[in-house]
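Since the structure comes first, as structure tokens, the remarks are kept for the end.
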Amino acid sequence: MRNLLTETLEAMNSGGVGPDDVRWVGSPEFGHTTWENFAAVAQVTDYDPGYGAPEVATDLMVVGDDWWLTRGEYDGSEWWEFNRLPDKPDAQRTVTTLSGGMWNSLAEIHAALRKAGLDCVRCGERPSSDHDTLLCEGCLSIVLNSAELRKQYGIDPEA
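Taking this note's numbering, the leading residue of the sequence shown gets 541, the next gets one more, and so forth.
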């Protein structure tokens, strides 16, 4: 058996945060409560984290300013996963596809498509081999020079 409060404090400690760093506990669908309310209930909540079926609410979150805990689960085995708000990457790229292959990252998907020599997704021309997108130079220029298209594609050329 595992105590939910003990497990929660251990997960928070692994991320370098504590109860004073918690802003709210709950779920987007259910609503939120205070750390104190959660801790009182979690202190008397013992559960079997082993395989089978999850016992703790699967959408339960503990949320701080730039971090949060979510419930992880595999085949019924359950645990807390510590998450941090990631830093914004320096490189800005135009996303041309969000799927391809299996278990591939966004970078791997785009690299594979470039390697395959696929044509521009907007006009059908062949992008140059050193280009970071699946848009040819002309289409990329059109998108970047149009405030409406930048807004449509969520592109901030100043970032």
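For every residue, glycine included, the Cβ atom is placed at its ideal position computed from N, Cα and C.
Keep in mind it's a predicted model, so treat the numbers as computed, not measured.
Asked, Found
"Which term fits Val683, buried or exposed, when burial requires 16 or more other beta carbons within 10 angstroms of its beta carbon?", "buried"
"Comparing C-alpha positions only, which one of His650, Asp630 and Ala582 sits nearest to Glu595?", "Ala582"
"Look at the alpha carbon of Asn741 and the alpha carbon of Ser639, and state the distance between them as a whole number of angstroms.", "This structure leaves residue 741 out entirely; the chain is present only between 541 and 699."
"Mind the definition here: the segment 584-595 touches the segment 554-567 only if three or more C-beta pairs lie below 8 angstroms; say whether that holds.", "no"
"Within its chain, find whatever has a CB closer than 6 angstroms to the CB of Trp564; leave out the 5 residues flanking it on each side and keep chain order.", "His572 and Val603"
"For the beta strand (DSSP E) containing Phe622, name the first residue and the last one.", "Ser617 to Arg624"
"Can you check which of these residues, Glu547, Glu621 and Tyr614, is closest to Trp608 by C-alpha distance?", "Glu621"
"For Gly566, I'd like the list of residues in its chain whose CB is within less than 6 angstroms of its CB, leaving aside the five on either flank, ordered along the chain.", "His572 and Thr573"
"Going by DSSP in three states, Ser681 sits in which element: helix, strand or coil?", "helix"
"Buried or exposed: which applies to Phe570, given that a residue is buried once 16 or more other Cβ atoms fall within 10 Å of its Cβ?", "exposed"
"Using three-state DSSP, classify Thr575 as helix, strand or coil.", "Inspection of the sequence shows that residue 575 is occupied by Trp rather than by Thr. Here Trp575 sits in helix by DSSP."
"With a threshold of 7 angstroms on Cβ separation, who are the neighbours of Ser617 within its own chain once the five nearest residues in sequence on each side are excluded?", "Pro589, Gly590 and Tyr591"
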